[in-house]
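Under the numbering used here, the sequence shown is numbered contiguously, ending at residue 433.
A short worksheet on the structure shown next.
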Amino acid sequence: MPELPEVEIYARYFQRHALGQRIARVRVLDERILGATRKATFIRRLTGEQFTTVRRHGKHLFAQAGERNWLHLHFGMTGDLAYYCDPAEDPRFARVVFDFDGGGHLAFEDMRLFGIVDLTSDPDDYIREHAVGLDPLDPALRLRLFRRLMEKRRGAIKPLLMSQQVVAGIGNLYADETLFRASIHPLRPVDRMTPDEMKAVYTNMRRVLNEMVALKAGEGDYPARMLVQHREEGDVCPRCGGEIRRTIVGGRTTYFCSRHQR
Ligand SMILES: [Zn+2]
172 MPELPEVEIY ARYFQRHALG QRIARVRVLD ERILGATRKA TFIRRLTGEQ
222 FTTVRRHGKH LFAQAGERNW LHLHFGMTGD LAYYCDPAED PRFARVVFDF
272 DGGGHLAFED MRLFGIVDLT SDPDDYIREH AVGLDPLDPA LRLRLFRRLM
322 EKRRGAIKPL LMSQQVVAGI GNLYADETLF RASIHPLRPV DRMTPDEMKA
372 VYTNMRRVLN EMVALKAGEG DYPARMLVQH REEGDVCPRC GGEIRRTIVG
422 GRTTYFCSRH QR
């Protein structure tokens with residue numbers, strides 16, 4: 172399931188392949204993927220335009236195509252982008268395809284249809300109206316601000332990291348990874364965390380996301396020291412030798428070390 176690092180890679184892919192290209196034709200192959208915008212409007216507002224800017228916020232990707240006209244992509248569970256030159260290569264689950272003047276094609280594919288393809292007049296308006304939290308890699312999100320946002324909240328740390336309301340972009344996998352590195356139990360109430368523990372969550376959240384962006388930009392596999400390589404009940408913690416346990420937190424399958432995460 173795409174989280175911030177995966178969407179960052181999609182944003183770079185979009186930028187590399189689709190930026191500066193004029194859209195000759197828009198094909199909506201399955202309109203169930205469209206959000207609030209109707210098919211005819213979607214096609215009319217993008218045909219003849221040119222993608223000029225790509226912006227990512229959390230798990231959202233925005234691409235500008237004209238004044239107050241932005242394409243908005245959310246990748247849901249199985250969303251992906253594909254760029255190719257032969258239209259016979261339309262991916263099996265392509266839902267929307269942009270045919271460019273230069274002969275290239277960019278498809279948004281999504282097998283399970285939990286993703287969204289939509290238009291918005293302004294990404295900042297969208298973020299505000301939908302109360303999407305700050306991007307965890309935004310330099311404006313300093314430790315002090317992170318603490319202040321967390322202090323207003325109640326409940327367990329893991330669902331808060333995943334809520335998209337305090338910070339946006341963290342899903343199940345990297346929430347577990349962040350807490351594993353910060354040595355914090357996923358069910359620990361935020362109002363019972365010390366300032367140092369909150370700092371450890373903040374620091375490791377950014378470290379995990381930055382490392383994952385770098386990893387995904389290359390060809391590397393997850394290192395063995397990461398929890399992601401040990402997501403199995405009874406596995407051995409690569410950090411302390413403790414036992415990895417599985418539980419459900421906020422409806423999501425959660426793995427943690429029963430020894431060093433407190
Ligand atoms: Zn451990």
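Cβ atoms here follow ideal geometry from the backbone N, Cα and C, with glycine treated the same way.
One question on the structure: do residue i and residue j come within less than 8 Å of each other, judged by their Cβ atoms?
{"i": "L290", "j": "H243", "result": "yes"}
{"i": "G247", "j": "R283", "result": "yes"}
{"i": "Q432", "j": "L344", "result": "no"}
{"i": "A265", "j": "L200", "result": "yes"}
{"i": "K398", "j": "V288", "result": "The sequence given here has Leu at residue 398, not Lys. Against a cut-off of 8 Å, the Cβ pair of V288 and L398 comes out as no contact."}
{"i": "L113", "j": "V338", "result": "This structure cannot speak to residue 113, because the chain is shown only from 172 to 433."}
{"i": "R352", "j": "N381", "result": "no"}
{"i": "L175", "j": "I341", "result": "yes"}
{"i": "G286", "j": "H228", "result": "no"}
{"i": "D406", "j": "I419", "result": "no"}
{"i": "P307", "j": "R377", "result": "yes"}
{"i": "R226", "j": "P310", "result": "no"}
{"i": "R198", "j": "D270", "result": "yes"}
{"i": "G421", "j": "M333", "result": "yes"}
{"i": "R396", "j": "P409", "result": "yes"}
Can you have a look at residue i and say buried or exposed, based on whether 16 or more other CB atoms are within 10 angstroms of its CB?
{"i": "M172", "result": "exposed"}
{"i": "L331", "result": "buried"}
{"i": "L316", "result": "exposed"}
{"i": "C411", "result": "exposed"}
{"i": "G389", "result": "exposed"}
{"i": "Q400", "result": "exposed"}
{"i": "T212", "result": "exposed"}
{"i": "P394", "result": "exposed"}
{"i": "E348", "result": "buried"}
{"i": "T425", "result": "buried"}
{"i": "C256", "result": "exposed"}
{"i": "A207", "result": "exposed"}
{"i": "E403", "result": "exposed"}
{"i": "E238", "result": "exposed"}
{"i": "L314", "result": "exposed"}
On the three-pair Cβ rule with 8 Å, is the region 312 to 323 touching the region 353 to 360?
-> Cβ pair count under 8 Å is below three, so no.
So, do the region 367 to 386 and the region 294 to 303 have three or more beta carbon pairs nearer to each other than 8 Å?
-> Output reads no: the region 294 to 303 does not touch the region 367 to 386.
Segment contact flag, the region 218 to 227 with the region 182 to 200, C-beta cutoff 8 Å, min 3 pairs | Taking 8 Å as the limit for Cβ pairs, the verdict is that the region 182 to 200 does touch the region 218 to 227.
Could you say if the region 271 to 286 and the region 249 to 257 meet the contact criterion of at least three C-beta pairs nearer than 8 Å?
-> At 8 Å Cβ cutoff, the stretches touch.
Curious, which full-length alpha helix (DSSP H) runs of at least 4 residues does the region 238 to 303 contain?
-> For the region 238 to 303, the continuous alpha helix (DSSP H) assignments of 4+ residues that do not extend past its boundaries occur at 294 to 300, in sequence order.
Just jot down, in chain order, the residues whose CB lies closer than 6 Å to any heavy atom of ligand 1.
-> Listed by chain position, these are C408, R410, C411, G413, C428, R430, H431.
Could you give the uninterrupted runs of the alpha helix (DSSP H) lying entirely in the region 329 to 408, keeping only those of 4 residues or more?
-> With a minimum length of 4 residues, the continuous alpha helix (DSSP H) runs that stay inside the region 329 to 408 are 343 to 353, 366 to 388.
For the region 176 to 224, which segments carrying the alpha helix (DSSP H) assignment without a break, of at least 4 residues, lie completely within its bounds, in sequence order?
-> Listed in chain order, the complete alpha helix (DSSP H) runs (minimum 4 residues) inside the region 176 to 224 are 210 to 217.
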